[in-house]
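Beneath this line is the structure, given in structure tokens, with notes to follow.
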């Protein structure tokens, strides 16, 4: 997990971890290490998404055609 990598780069790393585990070429110890690394990366990615979700803003046009930014709520 690298805090300097983009979301997409971290997703690619997670995808590679999954492929490594699914390949069946790892011994049990290495598989466990990859699984642990993947779980940590998964939690980090979910936190990134949560942080982004909190920052999303919507552009809203009011009755006088003025545009303002408002927080997006699901």
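In the numbering used here, the protein residues as written are 18 to 91.
A virtual CB, placed ideally from N, CA and C, is assigned to each residue, including glycine.
Residue i beta carbon near the ligand ZN (any heavy atom closer than 7 Å)
i, result
"residue 58", "In the structure on display, the ligand ZN does not appear, and there are no ligands present to speak of."
Pairwise C-alpha distance: residue j and residue i
i, j, result
"residue 48", "residue 70", "32 Å"
"residue 55", "residue 87", "35 Å"
"residue 46", "residue 85", "54 Å"
Three-state class that DSSP yields for residue i in the structure shown
i, result
"residue 42", "coil"
"residue 22", "coil"
Same chain, Cβ closer than 6 Å to residue i, neighbours up to 5 away in sequence not counted
i, result
"residue 72", "none"
8 Å Cβ shell around residue i - same chain, five flanking residues per side excluded
i, result
"residue 63", "none"
Reference residue i; option with closest CA among the options
i, options, result
"residue 33", "45, 52, 68 and 23", "52"
>> My parser needs the beta strand (DSSP E) runs of 3 or more residues fully inside the region 50-78; what are they?
In response: Residue ranges of uninterrupted beta strand (DSSP E) with 3 or more members, entirely inside the region 50-78 and ordered along the chain, are 74-78.
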